[in-house]
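Undergrad:
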Amino acid sequence: MHYSIKAFSLFVILIYSSCNSNKLETHNGNALGTFYSVKYERLNIDRLKVQNAIDSIFFEINNSLSTYISNSDISRINNGDTLVKVDKHFRKVYVKSKEIWEATNGYFDPTVGSIVNAYGFGPKKFNIKVDSSVIDSLMDGVGLDKIEMTTDNRILKRYPHTYIDFNAIAKGYTVDCIYQYLVSLGSENLLVEIGGEIRAKGINPVSKEKWKIGISFPQREIKNKFIETYKISDHAIATSGNYNKFLIDSLTGEKFVHSINPKNGLALNSNILSVSVIAPSCIVADAFATALMVMPLDIGRKVIDQNINIEASWFISEDKELVQIKSSGWK
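Using this note's numbering, you'd call the opening residue of the sequence shown number 791 and step up by one each time.
1. Buried or exposed for I1098, going by 16 or more other Cβ atoms inside 10 Å?
2. DSSP beta-bridge partners for E1018?
3. Excluding the five sequence neighbours on either side, which residues of its own chain have a C-beta within less than 6 Å of the C-beta of I905, listed in chain order?
4. Sorted by chain position, which residues of the same chain lie with C-beta nearer than 8 Å to E999's C-beta, five sequence neighbours on each side aside?
5. Let me know the secondary structure DSSP gives S1064 once reduced to three states.
6. Our contact map puts S1066 next to A1102 with C-beta atoms below 8 Å; I'd like the distance itself, whole angstroms only.
7. May I ask which residues mark the beginning and end of the alpha helix (DSSP H) holding L1082?
8. Any idea if K1110 is buried or exposed, counting beta-carbon neighbours within 10 angstroms, 16 or more meaning buried?
9. Answer with buried or exposed for G1043, where buried requires no fewer than 16 other C-beta atoms within 10 angstroms of its C-beta.
10. Assuming S1030 and T1080 form a contact by the criterion Cβ under 8 Å, report the distance between their Cβ atoms to the nearest whole angstrom.
11. Let me know the secondary structure DSSP gives H879 once reduced to three states.
12. Any chance you could list the beta strand (DSSP E) runs of at least 3 consecutive residues sitting entirely within the stretch 816-875, in chain order?
13. Which class does V996 belong to by DSSP, given the choice of helix, strand or coil?
14. Using alpha carbons as the reference points, say which of F898, E889, E850 and E892 lies closest to K878.
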């Protein structure tokens, strides 16, 4: 199988408000392989101190959870090191992943990493033809019930080839960490965004209204336009879609998307173009958005109905038309 890579740096959710004001402090930069933006009502606190704290959060989480850093905790575990004692970041993400794995009936599963790599979407790219036999051989290592955390904070894998990948939840978790840091300083009006994953509190001090964000069209060819705008406060929002990152087999023309179904290991297109999720925390919104992209729509709607305080909006392709499906609480 010969792939040509099609990856586009269009962000699913963009801030949709002017921030040029002396009422608002802003920190922008790049981290976790994407951009970030932190905005908050000005506090009587040294700006450099806040920036150093933000940088420290990124540094700690990268060293714990990044599969792109060879000596991070998660990379060492994936390479078979059973002596790693994981830090607070790994423990929190592992525990929350277990909860969401159960809540989504296994459709959110960070152990699908070996298959992500096999298709060429992860840090380790396999130079092999990805067929059913390859997927079947990797699937026996998929499942969060096949790894465990010991009482002394070590991670044990039942199958050596199980590959843990928290990239579908790490941005949301980091948003929460920065959000909580700012709240600890006394900030009441703030917004934290990492690569389109957002958590907001209070109001935008410039507009004196809730924070206004825009959700991009789920078709790659429609640029710089929003299909929906949303005002958010005291919640998080995350969007997952397959229109920015996919691979094409140059021989067959078959398209493979980066959302892998952990039930069968398949990376084939569906009519679900994007899913946005609103939740109390960004780690939850991030993980549920990932899971809902690979669930059949009817199952996804039932899962959302069963989880209070979580709402979702799907954009699907139906008879060549773009159709929005919303959970009952999505406004």
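Just so you know, even glycine gets a beta-carbon here, dropped at the ideal spot from N, CA and C. For clarity, every value in this text was computed on a predicted model and none was experimentally measured.
TA: In short, the structure shows the following:
1. Exposed, because fewer than 16 other Cβ atoms sit within 10 Å of the Cβ of I1098.
2. Paired residues: I1005.
3. Cβ within range, chain order: L928, I1050 and G1055.
4. Exclusion of the five residues before and after E999 leaves I993 and K1021 as the residues of its chain whose Cβ lies within less than 8 Å of its Cβ.
5. It is a strand residue.
6. Yes, they are in contact, since the Cβ atoms of S1066 and A1102 sit about 7 Å apart, within 8 Å.
7. Segment C1072 to V1084, the alpha helix (DSSP H) holding L1082.
8. Classification for K1110: exposed.
9. In this prediction, G1043 has a pLDDT of 47, which is less than 50 and means its spatial position is unreliable; nothing more can be read from the coordinates.
10. That pair is a contact at about 5 Å.
11. If DSSP states are grouped into helix, strand and coil, H879 belongs with the helices.
12. Taking 3 residues as the shortest admissible run, the stretch 816-875 contains the following complete beta strand (DSSP E) segments, listed from N- to C-terminal end: 824-831.
13. When DSSP states are grouped into helix, strand and coil, V996 belongs to the coil group.
14. Among F898, E889, E850 and E892, the Cα nearest to that of K878 is on E850.
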